[in-house]
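A.B. asks: Residues 1 to 325 in my numbering are what the sequence shown spells out, letter by letter.
Sharing a structure with you now.
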Amino acid sequence: PAELQRQVLGQTASQLHNLYGPTEAAIDVTSWACREDGNSVPIGRPIANTQIHILDADLNPVPVGVAGELYIAGVNLARGYLGRPGLTGERFVANPYGAPGERMYRSGDLARWRADGAIDYLGRLDHQVKLRGQRIELGEIEAVLLAHAAVHECVVIARDNQLLGYWVGTEIDEAALKFHLGQHVPEYMVPWRLLQLPAMPLSANGKLDRKQLPQPEGQGASSGHVAPGSDAERALVAIWLEVLGLEQIGVTDSFFELGGHSLSVMQVRAQLQQRHGCHLPINAFFDHVTVQKLALQLPGDLFAAAVEHRERLDDMARWLDEIEV
Numbered sequence: 001p002a003e004l005q006r007q008v009l010g011q012t013a014s015q016l017h018n019l020y021g022p023t024e025a026a027i028d029v030t031s032w033a034c035r036e037d038g039n040s041v042p043i044g045r046p047i048a049n050t051q052i053h054i055l056d057a058d059l060n061p062v063p064v065g066v067a068g069e070l071y072i073a074g075v076n077l078a079r080g081y082l083g084r085p086g087l088t089g090e091r092f093v094a095n096p097y098g099a100p101g102e103r104m105y106r107s108g109d110l111a112r113w114r115a116d117g118a119i120d121y122l123g124r125l126d127h128q129v130k131l132r133g134q135r136i137e138l139g140e141i142e143a144v145l146l147a148h149a150a151v152h153e154c155v156v157i158a159r160d161n162q163l164l165g166y167w168v169g170t171e172i173d174e175a176a177l178k179f180h181l182g183q184h185v186p187e188y189m190v191p192w193r194l195l196q197l198p199a200m201p202l203s204a205n206g207k208l209d210r211k212q213l214p215q216p217e218g219q220g221a222s223s224g225h226v227a228p229g230s231d232a233e234r235a236l237v238a239i240w241l242e243v244l245g246l247e248q249i250g251v252t253d254s255f256f257e258l259g260g261h262s263l264s265v266m267q268v269r270a271q272l273q274q275r276h277g278c279h280l281p282i283n284a285f286f287d288h289v290t291v292q293k294l295a296l297q298l299p300g301d302l303f304a305a306a307v308e309h310r311e312r313l314d315d316m317a318r319w320l321d322e323i324e325v
């Protein structure tokens with residue numbers, strides 16, 4: 001963590017290096033000279049005679065800033081696993097970016113290139129989850145959390161179809177951390193709750209014990225009910241209530257935290273088209289997960305006719321009242 005980096009460098013004149021590498025590649029394959037003013041601690045750049053590739057599922061290089069699996073090539077690769085040819089063939093694969101016959105090791109680690117040529121380590125691929133039709137890299141969320149000065153340690157898990165974040169560090173409001181995350185990841189990747197812990201629960205061998213992470217109590221920091229204030233918001237709330245089978249929805253409530261999923265998104269989209277003739281792209285429902293934000297994506301004149309009709313009804317009601325008087 002960046003905080004540990006600052007603490008160590010603040011107490012010594014010695015250099016501090018962050019090294020990365022698996023046993024299958026003679027231990028260290030990247031190196032980074034830590035800086036006291038650094039807000040993050042990447043694993044650095046490849047060492048001599050080593051090539052690092054960050055690839056997608058089809059072995060294509062991913063762009064800078066995009067997460068992918070880290071592959072290692074070079075002279076330091078092991079021959080394989082003793083007596084386990086199947087596993088050797090699975091983990092040591094042909095290198096499409098090297099000379100014929102060269103191999104590369106698929107690490108199972110999630111990483112991304114930075115603009116400065118260094119590599120950010122994001123966690124293990126087996127910590128990838130799929131929620132509500134969206135594939136989510138938990139390590140990517142953790143990396144953004146760790147970039148906040150108040151967070152010294154963190155972990156994000158999926159439990160009961162919700163994302164939960166746990167962190168150790170200095171006191172900060174949960175809403176502020178959610179805002180920080182929302183600046184860097186899509187809203188569906190912002191955990192439902194972010195809980196501060198005095199320390200991470202550890203197993204007997206000193207590793208994080210995810211099963212001991214506490215279940216949050218109550219609702220999130222922004223769960224207060226906010227009534228719709230415009231025709232667009234009222235129209236969306238009416239559709240959400242019907243699709244989700246709820247009795248009350250606030251305009252700041254998250255569609256997915258209310259139980260929405262990919263199929264219900266399609267139902268909302270279809271209802272919006274049928275009732276109001278509005279065609280929104282499917283990604284709008286994932287990028288703007290509250291009624292308040294989604295309403296801003298609707299055409300400004302969509303409900304103009306409804307407003308005019310309601311004003312005429314109000315005028316007629318006043319006229320009838322005057323007649324009765």
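No residue lacks a Cβ here, since even glycine has one placed at the ideal position from N, Cα and C.
Predicted model, so just to flag it, every value in this text is computed and none were measured.
Work out the CA separation of residue 250 and residue 36 for me, nearest whole Å.
C.D. replies: Here residue 36 is taken as the residue at index 36 of the sequence shown, counted from 1. Here residue 250 is taken as the residue at index 250 of the sequence shown, counted from 1. Distance between the alpha carbons of residue 36 and residue 250: 44 Å.
A.B. asks: From 320, 6, 85, pick the residue whose C-alpha is nearest to that of residue 39; which is it?
C.D. replies: Within the sequence shown, numbered from 1, the residue matching residue 39 stands at position 39. Checking every option, the nearest Cα to that of residue 39 belongs to 6.
A.B. asks: Buried or exposed for residue 274, going by 16 or more other Cβ atoms inside 10 Å?
C.D. replies: In the sequence shown, residue 274 corresponds to position 274, counting from 1. By the 10 Å Cβ count, residue 274 comes out exposed.
A.B. asks: Determine which residues share a DSSP beta bridge with residue 154 and list them.
C.D. replies: For the purposes of this step, residue 154 is identified with residue 154 of the sequence shown, where counting begins at 1. Residue 154 is bridged to 167.
A.B. asks: Where DSSP assigns a beta bridge to residue 149, which residues make up the other side?
C.D. replies: Reading the sequence shown from its first residue, position 149 is the one you call residue 149. Note: residue 149 sits in no beta bridge, so no partner.
A.B. asks: For residue 46, which three-state DSSP category applies?
C.D. replies: Here residue 46 is taken as the residue at index 46 of the sequence shown, counted from 1. DSSP places residue 46 in strand when its eight states are reduced to three.
A.B. asks: Measure the alpha-carbon distance for residue 22 versus residue 143 and round it to whole angstroms.
C.D. replies: On the sequence shown, position 22 is the one that residue 22 refers to. On the sequence shown, position 143 is the one that residue 143 refers to. The straight-line gap from Cα to Cα measures roughly 20 Å.
A.B. asks: Taking buried to mean at least 16 other C-beta atoms within 10 Å of its own C-beta, is residue 323 buried or exposed?
C.D. replies: As a first step, residue 323 must be located in the sequence shown, where it is residue number 323. Per the 10 Å Cβ criterion, exposed.
A.B. asks: Residue 104 bridges to which residues according to DSSP?
C.D. replies: Along the sequence shown, read from residue 1 onward, the residue named residue 104 stands at position 104. Answer is 73, 93.
A.B. asks: Kindly list the residues whose CB is nearer than 6 Å to the CB of residue 240, restricted to its own chain and excluding five residues on each side of it in sequence; keep chain order.
C.D. replies: As a working note, residue 240 is residue 240 in the sequence shown. Hits under 6 Å: 249.
A.B. asks: What is the DSSP secondary structure of residue 81, counted as helix, strand or coil?
C.D. replies: Mapped onto the sequence shown, residue 81 falls at position 81. It is coil, neither helix nor strand.
A.B. asks: State the beta-bridge partners of residue 130 as determined by DSSP.
C.D. replies: By one-based count along the sequence shown, residue 130 stands at place 130. DSSP, once it has assigned bridges, lists 135 as partnering residue 130.
A.B. asks: With respect to the alpha helix (DSSP H) encompassing residue 98, which residues constitute its N-terminal and C-terminal limits?
C.D. replies: The count along the sequence shown starts at 1 and reaches residue 98 at position 98. Per DSSP, residue 98 belongs to no alpha helix (DSSP H) and is neither H nor E.
A.B. asks: Return the chain-ordered ranges of every beta strand (DSSP E) run that is complete within the segment 214 to 281 and spans a minimum of 3 residues.
C.D. replies: Whole beta strand (DSSP E) segments, 3+ residues: zero.
A.B. asks: What span of residues does the alpha helix (DSSP H) with residue 6 cover, start to end?
C.D. replies: Position 6 of the sequence shown, counted from the start, is the residue given in the question as residue 6. Its alpha helix (DSSP H) spans residues 2 to 9.
A.B. asks: In the DSSP output, what is residue 298 paired with across the bridge?
C.D. replies: For this step, residue 298 is matched to residue 298 along the sequence shown. The partner list for residue 298 (beta bridge, DSSP) is empty, contrary to what the question assumes.
A.B. asks: Can you name the residues that DSSP bridges to residue 196?
C.D. replies: Mapped onto the sequence shown, residue 196 falls at position 196. DSSP output for residue 196 lists 167 as bridge partner(s).
A.B. asks: Straight-line CA distance for residue 3 to residue 121?
C.D. replies: Taking the first residue of the sequence shown as position 1, residue 3 is located at position 3. Taking the first residue of the sequence shown as position 1, residue 121 is located at position 121. Distance between the alpha carbons of residue 3 and residue 121 is about 17 Å.
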